[in-house]
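Since the structure comes first, as structure tokens, the remarks are kept for the end.
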Amino acid sequence: MASVTQSVSLTKRVLVTSSVALLLALTVIGVVMHQAFKEKTLHLVKERLESYVLAIISNTEVDGDTLIFPEYLPTPRLEQPGSGMYAQMTVGDQTWESPSVLGQELPAVIPVEVNAKFFDAPIEYQGELLFRMRQGFTLVDDSGSIELTLAVTENAGSFYKELSEFEENLLTWLVSISSLLVCVQWIIMYWATKPLKRLMADLLRLEKGDELIFSEDYPSELRGLTTSLNRLIENERRNLSRQRRTLGDLAHSLKTPLAVIHSELDNSGVDKELIKQQIMNMDEIVAYQLKRAAVAGHRTFVTGVPVIDVLDKIIKTLKKIHPNRNIKVYTQIAPGAEFYGEKGDLMEVLGNLLENAFKWCDQNIDVLVKTLYMEGRKRTGLVIEIGDDGPGIPANKRANLLQRGVRGDEQVKGHGIGLSIVTDIIESYQGSLEIKTHQVLHGACFKVILPP
Numbered sequence: 121m122a123s124v125t126q127s128v129s130l131t132k133r134v135l136v137t138s139s140v141a142l143l144l145a146l147t148v149i150g151v152v153m154h155q156a157f158k159e160k161t162l163h164l165v166k167e168r169l170e171s172y173v174l175a176i177i178s179n180t181e182v183d184g185d186t187l188i189f190p191e192y193l194p195t196p197r198l199e200q201p202g203s204g205m206y207a208q209m210t211v212g213d214q215t216w217e218s219p220s221v222l223g224q225e226l227p228a229v230i231p232v233e234v235n236a237k238f239f240d241a242p243i244e245y246q247g248e249l250l251f252r253m254r255q256g257f258t259l260v261d262d263s264g265s266i267e268l269t270l271a272v273t274e275n276a277g278s279f280y281k282e283l284s285e286f287e288e289n290l291l292t293w294l295v296s297i298s299s300l301l302v303c304v305q306w307i308i309m310y311w312a313t314k315p316l317k318r319l320m321a322d323l324l325r326l327e328k329g330d331e332l333i334f335s336e337d338y339p340s341e342l343r344g345l346t347t348s349l350n351r352l353i354e355n356e357r358r359n360l361s362r363q364r365r366t367l368g369d370l371a372h373s374l375k376t377p378l379a380v381i382h383s384e385l386d387n388s389g390v391d392k393e394l395i396k397q398q399i400m401n402m403d404e405i406v407a408y409q410l411k412r413a414a415v416a417g418h419r420t421f422v423t424g425v426p427v428i429d430v431l432d433k434i435i436k437t438l439k440k441i442h443p444n445r446n447i448k449v450y451t452q453i454a455p456g457a458e459f460y461g462e463k464g465d466l467m468e469v470l471g472n473l474l475e476n477a478f479k480w481c482d483q484n485i486d487v488l489v490k491t492l493y494m495e496g497r498k499r500t501g502l503v504i505e506i507g508d509d510g511p512g513i514p515a516n517k518r519a520n521l522l523q524r525g526v527r528g529d530e531q532v533k534g535h536g537i538g539l540s541i542v543t544d545i546i547e548s549y550q551g552s553l554e555i556k557t558h559q560v561l562h563g564a565c566f567k568v569i570l571p572p
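So, in structure tokens, the structure goes:
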């Protein structure tokens with residue numbers, strides 16, 4: 121049993137992945153900002169307590185074995201009982217406390233070595249969180265020195281309250297910004313994918329049989345695609361029209377020989393030679409029309425065929441066919457010149473034109489192949505000129521020579537078939553064929569232009 125896989129639209133894929141990426145990015149930004157704010161605020165607390173320690177110790181004096189404590193403390197909070205800011209000093213077994221410690225229970229101060237400094241953050245004591253800065257000092261006077269440890273403790277409640285408020289505000293802003301950015305992203309995606317939706321609608325119309333050609337007002341990112349699609353549609357329509365026309369020409373061309381055969385068969389004495397001649401005519405007509413129908417024509421997606429390879433093979437073959445004429449062929453081929461189409465079409469064009477040149481030249485043939493560049497096209501076209509030093513073609517006969525192949529009751533024998541096939545092939549590639557006089561050799565010159 122075949123399983124059916126539901127494909128997710130490109131729009132939904134981009135929106136979901138970009139939204140998830142955006143939310144993850146904002147989450148990371150929120151975590152980083154929270155951590156940075158916490159570390160910065162904690163650092164400010166540390167610096168504040170450290171400054172209080174230094175202010176207190178700088179106002180403390182030694183008188184023999186007695187310490188004279190500062191009369192004025194660095195912050196009024198140290199003067200107010202239960203203010204949340206406390207100072208303690210230990211000298212041996214003795215302890216000095218600021219007035220704010222009155223009635224408060226604080227963890228014991230652990231002495232530290234002289235010049236050692238510790239920041240305890242946080243200390244959990246009786247259900248409360250505290251910050252404490254401890255530092256060891258030596259106070260010296262003329263009679264001796266005293267070692268002591270000074271600690272300043274602060275209640276951490278305000279810190280965590282401020283941190284909680286910041287987290288709440290940060291979360292609110294991040295959620296608001298995330299919602300706004302996601303909405304903006306969906307609007308942008310809807311606007312950006314409108315050309316794709318229009319392209320899909322045009323393709324659906326094309327599938328239903330509308331005579332649609334994609335407009336040129338698509339964004340530049342899609343213009344290459346729509347241009348290629350337009351060329352593909354034009355090529356397919358042109359090829360279909362050419363094939364229908366070829367079938368019509370074939371049916372119309374066969375009417376006369378078939379009518380002659382039917383008429384002859386109704387006679388009592390059948391002219392076998394006449395019937396044979398009409399059958400030969402029909403064979404030639406069918407062969408010619410089949411050649412026209414077999415022309416591949418311009419294609420949008422095809423690999424380039426190196427011109428030099430095909431040209432060398434044809435020239436070598438024709439020189440073998442005309443070994444006694446000592447014909448010289450001069451070739452100038454642009455490096456990297458390629459034909460973007462069926463190799464058989466290129467061989468038909470070059471083969472017929474070179475065969476005519478070999479047939480009518482006196483001794484010299486000139487072949488020039490150049491690349492053709494057009495704006496907006498990634499691949500190149502070709503300009504092919506094949507001239508000879510033969511008698512040339514009069515100007516009044518050139519237009520008739522380039523007319524489309526046999527129509528109606530025209531017979532297809534003779535020299536017109538090859539050049540007619542060449543004309544059909546070139547037209548199928550949206551190109552042109554011009555007959556002129558070669559500037560150097562002064563004979564006929566066939567100029568073929570095949571656009572990219």
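Counting the sequence shown from 1 gives a position; our numbering is that position plus 120.
For every residue, glycine included, the Cβ atom is placed at its ideal position computed from N, Cα and C.
Treat the numbers as computed from the prediction; the structure is a model and nothing was measured.
Residue i in three-state terms, based on DSSP
{"i": "F189", "result": "coil"}
{"i": "Q255", "result": "strand"}
{"i": "K166", "result": "helix"}
{"i": "T180", "result": "coil"}
{"i": "N520", "result": "helix"}
{"i": "I333", "result": "coil"}
{"i": "Q214", "result": "strand"}
{"i": "A145", "result": "helix"}
{"i": "V232", "result": "coil"}
{"i": "E267", "result": "strand"}
{"i": "E248", "result": "strand"}
{"i": "D391", "result": "coil"}
{"i": "V532", "result": "Low local confidence applies: a pLDDT of 35 at V532 is under 50, so the model's placement there is unreliable, with the coordinate-based value given in what follows. Note: V532 maps to coil in three-state DSSP."}
{"i": "M494", "result": "coil"}
{"i": "V152", "result": "helix"}
{"i": "E462", "result": "coil"}
{"i": "L488", "result": "strand"}
Pair within 7 Å by beta-carbon distance, residue i and residue j
{"i": "G501", "j": "L561", "result": "no"}
{"i": "L294", "j": "L146", "result": "yes"}
{"i": "F459", "j": "V427", "result": "yes"}
{"i": "V342", "j": "P315", "result": "Checking the displayed sequence, the identity of residue 342 turns out to be Leu instead of Val. Cβ distance < 7 Å, so L342 and P315 count as in contact."}
{"i": "T210", "j": "V234", "result": "no"}
{"i": "Q398", "j": "P377", "result": "yes"}
{"i": "G256", "j": "T269", "result": "yes"}
{"i": "L553", "j": "I546", "result": "yes"}
{"i": "N350", "j": "I333", "result": "yes"}
{"i": "M82", "j": "P572", "result": "With the chain covering 121 to 572 only, the question about residue 82 has no answer from this structure."}
{"i": "E384", "j": "L374", "result": "no"}
{"i": "K463", "j": "V425", "result": "yes"}
{"i": "R169", "j": "V272", "result": "This sequence places Leu at residue 169; Arg is not what is there. Yes."}
{"i": "K567", "j": "E468", "result": "no"}
{"i": "F157", "j": "F286", "result": "yes"}
Environment of residue i [buried if 16+ CB atoms lie within 10 Å]
{"i": "Q208", "result": "buried"}
{"i": "T366", "result": "buried"}
{"i": "Y245", "result": "exposed"}
{"i": "P252", "result": "As written in the sequence, residue 252 is Arg, which differs from the Pro given in the question. Answer is buried; the Cβ neighbour count reaches 16."}
{"i": "D429", "result": "exposed"}
{"i": "Y172", "result": "buried"}
{"i": "L300", "result": "exposed"}
{"i": "Y310", "result": "exposed"}
{"i": "S265", "result": "exposed"}
{"i": "D508", "result": "buried"}
{"i": "M205", "result": "buried"}
{"i": "C481", "result": "buried"}
Rounded separation between residue i and residue j - CA only
{"i": "G510", "j": "E354", "result": "39 Å"}
{"i": "P201", "j": "V260", "result": "31 Å"}
{"i": "V148", "j": "V140", "result": "12 Å"}
{"i": "L474", "j": "K448", "result": "12 Å"}
{"i": "N275", "j": "N289", "result": "23 Å"}
{"i": "G477", "j": "L488", "result": "Note that residue 477 is Ala in the sequence shown here, rather than Gly. Spanning the two alpha carbons is a distance of roughly 13 Å."}
{"i": "A564", "j": "L521", "result": "12 Å"}
{"i": "R527", "j": "A371", "result": "Residue placement at R527 is flagged as unreliable, the pLDDT there being 33, under the threshold of 50; a coordinate-derived value is accordingly withheld."}
{"i": "S138", "j": "G456", "result": "44 Å"}
{"i": "W306", "j": "E248", "result": "48 Å"}
{"i": "T131", "j": "S296", "result": "24 Å"}
{"i": "Q155", "j": "T347", "result": "54 Å"}
{"i": "K440", "j": "H382", "result": "45 Å"}
{"i": "H558", "j": "V542", "result": "19 Å"}
{"i": "I555", "j": "K517", "result": "10 Å"}
{"i": "L143", "j": "V151", "result": "12 Å"}
Element boundaries [alpha helix (DSSP H), containing residue i]
{"i": "G277", "result": "G277 to A312"}
{"i": "V430", "result": "V427 to I441"}
Residue interval of the beta strand (DSSP E) (run including residue i)
{"i": "I504", "result": "G501 to D508"}
{"i": "D240", "result": "K237 to Y245"}
{"i": "A564", "result": "A564 to L570"}
{"i": "T557", "result": "S552 to T557"}
{"i": "L451", "result": "The sequence given here has Thr at residue 451, not Leu. First-last of the beta strand (DSSP E) with T451: K448 to I453."}
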